[in-house]
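Residue numbers (the UniProt record's numbering): 1 to 903.
Each residue gets a CB set at the ideal place from its N, CA and C atoms; glycine is no exception.
Quick caveat, the model's predicted, so the values are computed rather than measured.
Reading through the structure tokens given below for one structure.
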């Protein structure tokens, strides 16, 4: 083991580390060590830790003790491989790869074939002329990667030279180039390197190695890696580890290959070995989609050929499966697949190289998968006895659950539509949008409110922001393990990849005889790999099958209740169908905007006196009562929390002159009166003005009408046999006396309603919304009046952080980029600040009233990270939008399981 613990060796059947050391060795290094310890063939090498990366970010230099460790471990690799680094006659070459603790596919940098120079290449060709093509191919790849990754000179001009040569030779793929072509490319690449960098290509292998290590450390902070971490909320990591590993060559000859495989289908979860490989290639070729990949298994190869109208003769000659091409290596790979899956008890993503018939494993990791696959794999592994239901719950990413509820094409629409073409079903789901051809356009159009489909020849990490903005992705190149496919699956985006029939040109593409231009609308079916012109109707999935089974496990495992924010019977019914256990927030003000209701409400606002307001409120009463009846029926006896009127009154009156004139005419009052009232209601800071309980104190008749409507609706629906449980919530309370005043009025109104009903009973509660910091800090006093608390964390965040949620977007994005806030505090609860206010309020409230019911109804109620926090501080329930209910159920179950397992 390294004396300074900066570098960990793996090789000779024994590694210094193991998979538990992911934080230190990165995912790649930890899993390489684990495979070595399992007896799996891995090219020997060593991992420089993430701690060294953290030091490098501060000093921009590799510490001297680390350099000594690197030298020591290079010598260990030399002894094991019987080659010497930098030796002209017996050279050892390395790959230098990144590897963070969190999987970040394609986001950071890799350098392959490191250690080649003019002398080594010339001696190798002279010594083994039969390997000349392979040697020149490896050298031109190394020059390109070194220029791009180490010198940051880009690779476009190098790729252009290859394209020009292929065109001149009349060939299609890099692998069609001859030895003389590759030798010529090496010479032109060396000239191009000097032109772009101002330096000769470095000839000292040690100089190359240290420069590559620095480049990988530097790539931790590159823009695409920053964007990826921000989009995926990856925080708290030290940096990337660097894996220096002896090269094995999939491009050595026609008995060599490289590939990527999954122990089960990452798209569907079906239990078969899925993978793709390329003969005479290196790993970057597979994910880049430059050549059509071949299937590793014969059965899938036959199916692939049939789907692509390729004859058996052509398939066997040009696209044989790995099972046919190198049967011994394939059998060994199948054995390793089984061994890894049994060991990790999960879907495994593996990378391998076959060098002259010999199999080497280059990487393994728990594979990314669609939500469909995650559910199926979790269930089948439970049935196979590999895992229990607790572990199965932890396998389902709650954010991915949201993807399952995304649209798919209506069956009737699909039945009558004719696809333009077919590609690979790379990431399931469906998307409709206007075509754009680059990431910048995708971002610009999306920000303008347009839905877009990004169409590319192939995607690269630079396209990440555009992929995130798009509804779906369509590529002409690339297989199921291409960049587009892997990233889209992780994002839950619909993706059709490898549609080779697409012919791209400036601002348009042609497919199936149809020209599609930028801005034209198309539909993608990522579940079948189909592309349609125009917009097809979409529909949303139901909770059934595998999803319902896993949700049932989650319901049994979780402690937190899950309710929905619903303002209409339709929303409540949808939430109930998704598994909501009640309504956690009904925003009554939303009811006033429908139809002619707004006119009646404006009549109340413009009334001169109490009698005028009462007259208008009498018109609103039956409307409100009907609304609440619908809610109670939709929730079928589950509790319904109804927030009394919250927004300031100015939001209900028109500001435009023509609308004011129209209102005056309808109400039969002078325009001047309308304008005077609008001016009177204007506030400099309305979010801190006359709203919430302050309205109920200034105009108690408004709250009294709402309370009466709630209770009368409860009595009406109760007569139908439903057990109705209204929870009346008074908003924006900051002081106990505010709550006691409004509560007394509510109780008097309730008593009058029940008396009129002949002493009937209703199972109701009176509580408050904690959204003012003062209320959180004096929760012990407020709990003397309240039967429940519901945290309105949107406003609590706004007041607690001093951010306007309407205006903070631009600088909060910058804050995220600068790391001031690792997440938008309006999307994921600021646990140290606002979360601490919630914790204090829970503790103080329950000190006064031990059985106090406590929930949350802000948007944070659907955020898995926030849910985990709220579980930990003892809330009774969370409430979120209807479509987030299944997400919250899974997140609540995971929080309970993690607590149970001590994770």
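C-beta contact flag for residue i and residue j at 8 angstroms
i	j	result
residue 150	residue 215	yes
residue 536	residue 453	no
residue 428	residue 475	no
residue 840	residue 786	no
residue 519	residue 498	no
residue 515	residue 522	no
residue 95	residue 116	no
residue 538	residue 432	yes
residue 294	residue 272	no
residue 376	residue 466	no
residue 473	residue 493	yes
residue 399	residue 838	no
residue 396	residue 388	no
residue 203	residue 118	yes
Other residues of its chain near residue i: CB distance less than 7 angstroms, five sequence neighbours each side excluded
i	result
residue 686	648 and 650
residue 367	262, 266, 347, 348 and 349
residue 757	715
residue 636	576 and 722
residue 586	566, 567, 631, 640, 641, 642 and 643
Integer-rounded CB distance, given that residue j should sit under 8 angstroms from residue i
i	j	result
residue 732	residue 769	7 angstroms
residue 241	residue 47	5 angstroms
residue 727	residue 639	6 angstroms
residue 801	residue 833	7 angstroms
residue 550	residue 392	7 angstroms
residue 750	residue 717	Not really, about 16 angstroms apart at Cβ, beyond 8 angstroms.
Where residue i falls: helix, strand or coil (DSSP)
i	result
residue 699	coil
residue 275	strand
residue 407	strand
residue 861	helix
residue 732	coil
residue 470	coil
residue 299	helix
residue 2	The predicted model places residue 2 with a pLDDT of 41, which falls under 50 and marks its position as unreliable; any figure quoted below should be read in that light. DSSP places residue 2 in coil when its eight states are reduced to three.
residue 564	strand
residue 589	helix
residue 539	strand
residue 495	strand
residue 264	coil
residue 349	strand
residue 873	coil
residue 372	helix
residue 285	helix
residue 771	coil
residue 691	coil
residue 210	helix
Chain-order list of residues whose beta-carbon lies under 8 angstroms from that of residue i (same chain, five-residue window excluded)
i	result
residue 747	766
residue 962	The chain is shown from 1 up to 903; residue 962 falls before or after that span and cannot be answered.
residue 701	610, 613, 614 and 617
Cβ shell of residue i (< 6 angstroms), same chain only, five flanking positions each side left out
i	result
residue 177	none
residue 456	475
Cα-Cα separation, residue i to residue j
i	j	result
residue 860	residue 867	8 angstroms
residue 563	residue 304	46 angstroms
residue 239	residue 820	18 angstroms
residue 741	residue 524	57 angstroms
residue 152	residue 260	27 angstroms
residue 907	residue 681	Any answer about residue 907 is impossible in this case: the structure gives the chain only from 1 up to 903.
residue 344	residue 207	38 angstroms
residue 533	residue 306	25 angstroms
residue 547	residue 373	11 angstroms
residue 1	residue 9	With a pLDDT of 42 at residue 1, under the threshold of 50, the modelled position of this residue cannot be trusted, and the question is left open.
residue 869	residue 843	15 angstroms
residue 364	residue 33	10 angstroms
residue 517	residue 296	37 angstroms
residue 875	residue 853	8 angstroms
residue 142	residue 196	16 angstroms
residue 353	residue 45	16 angstroms
residue 902	residue 20	16 angstroms
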